[in-house]
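Single-structure report; data block below.
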Amino acid sequence: MRTFSRTRRAIALALTGLALGSAAMAQPKVVRLIVAFPPGGPVDFVARTISDALGKELGSNVIIENKPGANGAIAADFVSRSAPDAQTLWLTSVGAVAINPTLYPKLSYDPLRDLTPVSLVVNNVEILVVNAKAPYNTGAEFVAAARTAGQPLTMASSGTGSVPHLAMELLNESAKIKLSHIPYKGAAPAITDVIAGHVNGFFGDIPGLVGHIAAGKLKPIGVAAPKRHPRFPDVKTFAEMGFPGVDSDNWYALFAAKGTPAAEAERVSKAVHRALAHPEVKSRLEASGAEVAGSSPAQLSQLLQQDITKWGRVVRANQITPD
């Protein structure tokens, strides 16, 4: 009887172990998607738009964690110190990885050293907008007005060293004009003052402006990109108007910790591609004005290095320092 009892006990323990093992195997992994901005902003919007589809493609639960502050440094530090297994991803805009290294000499992280590129997610090209009742209808007319104005025309930005600010500096260089920079604490108050007529113009991400343009409050007069935007096919690029080099893309991309195996980065990159192809994801992003744009890790690495060089030159040439 004792032998039989021990046998039953052994069988029960074995079955329990199998059950626990099966349960553990059935538990999907958790991917932490870090956003360096508060909930409700444009980067957070993209994160929440792709998270479910990305989770399905990865076979994981994607949990969004907002870690705002220090111009992206808090999120960057967190991700750079995480395990190099692609289970922690950072969705960031271009500024924190391509502008901050020059803007902040004592930056606590080095994007090229401390992060592994995974995939581009969307492009957000800048478009120049003015008050709907402004006398200029094209970027060329805006430049002509800047050249003849008694006082410099004013340009709002979302902050010193931001993409809107640097886009303005590119226009200054290309058109050989001197627009007056008015920095704000974020895009929202800058847009408000352009609508109110207190500031002459603003370069902004298209997703943040489409609603105001559709409502007739703002007028788009020039696209800072190599080609016209599908949402505004009648708005010329600055290159078409004779001002080459005014090319400003506030792209969003995914990064993992440095040391993440290339195979893991590639696996997540392919999952991002598939997630972006989901009809509901693609249509929602495009409706916002963003351009869906996946990439390989190698392509993102190349883009990052190009933009660090590009924006670093603009920051140094104009002696831009953070507020």
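When the letters of the sequence shown are read in order and numbered with the working numbering, they come out as residues 783 to 1105. We put the CB at the ideal spot given by N, CA and C, even for glycine.
Inset, instruction - Report the residue ranges of all beta strand (DSSP E) runs contained in full by the stretch 1014-1047; include only those spanning at least 3 residues, in chain order. - result: 1034-1039
Legend entry - Per-residue DSSP class, three states only, for residue 906: coil
Legend entry - Segment contact flag, the stretch 1027-1038 with the stretch 890-902, C-beta cutoff 8 Å, min 3 pairs: yes
Inset, instruction - Give, in chain order, every unbroken run of the alpha helix (DSSP H) that is at least 4 residues long and sits entirely within the stretch 958-987. - result: 969-977
Inset, instruction - Specify, as a first and last residue, the run of the beta strand (DSSP E) that residue 870 falls within. - result: 870-875
Legend entry - Host beta strand (DSSP E) of residue 879 (start-end): That residue, residue 879, is in no beta strand (DSSP E); it is neither H nor E in DSSP.
Inset, instruction - Look at residue 981 and residue 930 and say whether their C-beta atoms are less than 7 Å apart. - result: No.
Inset, instruction - Could you name the residues of the same chain whose beta carbon sits closer than 6 Å to that of residue 1025, not counting the 5 residues immediately before and after it, in chain order? - result: 956, 957
Legend entry - Length of the line joining the Cα atoms of residue 1000 and residue 855: 33 Å
Inset, instruction - Tell me whether residue 848 sits in a helix, a strand or coil according to DSSP, three-state version. - result: Residue 848 falls in the strand class under three-state DSSP.
Legend entry - Outcome for residue 1063 when other beta-carbon atoms lying within 10 angstroms are tallied against a minimum of 16: Under this definition residue 1063 is a buried residue.
Inset, instruction - Can you have a look at residue 940 and say buried or exposed, based on whether 16 or more other CB atoms are within 10 angstroms of its CB? - result: buried
Inset, instruction - Can you grab the Cα-Cα spacing for the pair residue 868 / residue 998, in whole Å? - result: 44 Å
Legend entry - For residue 1067, three-class secondary structure by DSSP: helix
Legend entry - The beta strand (DSSP E) enclosing residue 1002, as first and last residue numbers: 1000-1006
Legend entry - Burial state of residue 1098 (16 or more Cβ within 10 Å): exposed
Legend entry - Contacts around residue 979, its chain only, beta-carbon distance under 6 Å, and the 5 residues preceding and following it disregarded: Within the same chain, residue 979 has close Cβ partners 913.
Legend entry - Cβ neighbour criterion (16 or more within 10 Å) applied to residue 812: exposed
Legend entry - Coarse secondary structure for residue 1103, derived from DSSP in three states: coil
Inset, instruction - Compute the beta-carbon to beta-carbon distance between residue 815 and residue 897, rounded to the nearest angstrom, for a pair I have assumed lies under 8 Å. - result: In fact, because the Cβ distance is near 15 Å, the residues do not count as touching under 8 Å.
Legend entry - Residue range of the unbroken beta strand (DSSP E) whose run includes residue 838: Not the beta strand (DSSP E): residue 838 falls in the alpha helix (DSSP H), residues 824-840.
Inset, instruction - Along the alpha helix (DSSP H) that carries residue 895, what are the first and last residues, could you check? - result: 893-896
Inset, instruction - Please go through the same chain and pick out, in chain order, the residues whose beta-carbon is closer than 7 Å to the beta-carbon of residue 987, but skip the five residues on each side of it. - result: 824, 906, 908, 1032
Legend entry - For residue 879, the nearest candidate out of 974, 853, 863 (CA to CA): Residue nearest to residue 879 within the set 974, 853, 863 is 853 (criterion: CA-CA distance).
Inset, instruction - Taking the CB atoms as reference points, tell me whether residue 1102 and residue 968 lie closer together than 7 Å. - result: no
Inset, instruction - Below 8 Å CB to CB, which residues in the same chain sit around residue 802 once its five sequence neighbours on both sides are set aside? - result: Confidence in residue 802 is poor, its pLDDT being 47 and thus under 50, which makes the residue's placement unreliable; the coordinate value appears in the next sentence. Excluding positions up to five away in sequence, the list is empty.
Inset, instruction - Measuring alpha carbon to alpha carbon, tell me which of 893, 1007, 1043, 959 ends up nearest residue 1073. - result: 1007
Legend entry - Per DSSP, the bridge partner or partners of residue 813: 844
Inset, instruction - Using DSSP bridges, identify the partner residues of residue 901. - result: Looking at the DSSP assignment, residue 901 forms a beta bridge with 1036.
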